[in-house]
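Everything on this sheet refers to the single structure shown next.
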Amino acid sequence: MSRSAMTPEDIAWLEARLGEAAGRVAPRGEFIARTKAAVLDGEIDDPEASTLAAAFVVTAIAAGTAAFAASVLFLMTRRRRG
Amino acid sequence: MLQDAQGDSSLSSPASIGDPRDDKALARATRDEPALFGTLYERHVATIYRYVYYRVGNHDDTEDLTARVFMRALKHIGSYDDRGVPFTAWLYRIAHNVVANFHRDNGRHPMVSLDDIEPRETHHHDDADTRIDARADRERLTRAYHKLPEERQQLLALKFSQQLQNAEVGQIMRRSEGAIKSLYHRTLEQLRELMEADR
Numbered sequence: 003m004s005r006s007a008m009t010p011e012d013i014a015w016l017e018a019r020l021g022e023a024a025g026r027v028a029p030r031g032e033f034i035a036r037t038k039a040a041v042l043d044g045e046i047d048d049p050e051a052s053t054l055a056a057a058f059v060v061t062a063i064a065a066g067t068a069a070f071a072a073s074v075l076f077l078m079t080r081r082r083r084g
Numbered sequence: 122m123l124q125d126a127q128g129d130s131s132l133s134s135p136a137s138i139g140d141p142r143d144d145k146a147l148a149r150a151t152r153d154e155p156a157l158f159g160t161l162y163e164r165h166v167a168t169i170y171r172y173v174y175y176r177v178g179n180h181d182d183t184e185d186l187t188a189r190v191f192m193r194a195l196k197h198i199g200s201y202d203d204r205g206v207p208f209t210a211w212l213y214r215i216a217h218n219v220v221a222n223f224h225r226d227n228g229r230h231p232m233v234s235l236d237d238i239e240p241r242e243t244h245h246h247d248d249a250d251t252r253i254d255a256r257a258d259r260e261r262l263t264r265a266y267h268k269l270p271e272e273r274q275q276l277l278a279l280k281f282s283q284q285l286q287n288a289e290v291g292q293i294m295r296r297s298e299g300a301i302k303s304l305y306h307r308t309l310e311q312l313r314e315l316m317e318a319d320r
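Protein chains in written order, with my numbering: chain A, 3 to 84; chain B, 122 to 320.
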């Protein structure tokens, strides 16, 4: 692994390669039209909402389980003392 | 990969981004009239597509994620706060989140592809060894790029897929221009070290 300082030539070489990678990428015309219609009609499946819902369900289940375990422990402790 | 690239060239130029004040006005108007979002979409779809492609490296995922970016933007257009933040910066932040979620859900496995892209220059005068070396360099660059921390990948994507200046990148990444300049230099150093280690 080289730890020497970067020269202007090193930087220029890396920048040229990174620039090449960007290329002339462009979306297909058919994609542009189809997606515009789908977005405006709300037909795109975005997992953002479902992820939030899933996170809520998981949190609720975890909280319920913790509450149940705490109740059982509390009752067991009371019985032993009683 | 480039051979697959099609589309309206007038949409693919960064110059087509348009007047940011107009973007803000349109974004505000979209809250009452969602159909106006179509204009914002047409104006920015090519630049967002190029950014996403740089991050994920294949057209199939890029199309899915680009659509998701605009779906989410339309959904949250009411929360767009235009105080000092250009609409494009807001859109890039959404794109960044969508791509980050995608990489997280896919275990951060590199989708590869920068190495699938042939460089713009032709090599009529290069010999076979030179072409093989260039190909190997691109492959090492791709692997190194995907090993970079998330924010450094984002920085390179914004600078090279969009040709944005440090100040513009700073607006999107919520950093000062100086901090971006410093981060950029460290990123190039890390990239070079990763490539050296991959020899």
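Glycine is no exception: its CB is placed at the ideal position from the N, C-alpha and C atoms.
In this text, all values refer to a predicted model and were calculated from it rather than measured experimentally.
- Along the segment 23-38 of chain A, the positions whose C-beta sits under 7 Å from a C-beta of chain B are Ala23, Ala24, Gly25, Arg26, Val27, Ala28, Pro29, Arg30, Gly31, Phe33, Ile34, Thr37 and Lys38, read in chain order.
- Here DSSP, grouped into helix, strand and coil, assigns Glu45(A) to coil.
- By the Cβ test, the segment 151-168 of chain B is in contact with the segment 190-207 of chain B, since at least three Cβ pairs between them sit closer than 8 Å.
- Take the alpha-carbon of Ala35(A) and the one of Ala7(A): they are about 48 Å apart.
- In the structure shown, His267(B) falls within a helical segment according to DSSP collapsed to helix, strand and coil.
- Note that the segment 288-302 of chain B touches the segment 269-277 of chain B; at least 3 beta-carbon pairs, one per stretch, sit closer than 8 Å.
- Listed along chain A, the residues sitting closer than 8 Å to Asp258(B) by beta-carbon distance are Arg19.
- Taking 9 Å as the threshold, the shortest C-beta distance from Val41(A) to chain B falls below it.
- In the DSSP assignment, Val206(B) falls outside any alpha helix (DSSP H), carrying neither H nor E.
- Beta-carbon to beta-carbon, Met316(B) and Ala257(B) are separated by about 10 Å, too far to satisfy the 8 Å threshold.
- Annotation: Glu154(B) is outside any alpha helix (DSSP H) and is labelled neither H nor E by DSSP.
- Of the residues Asn287(B), Thr168(B) and Gln311(B), the one whose Cα lies closest to the Cα of Glu298(B) is Asn287(B).
- Gly178(B) and Tyr172(B) have their C-alpha atoms roughly 10 Å apart.
- Taking C-beta atoms as the reference points, Arg189(B) and Asp47(A) count as a pair closer than 9 Å.
- Contacts with chain A at 9 Å (Cβ-Cβ) include Asn222(B).
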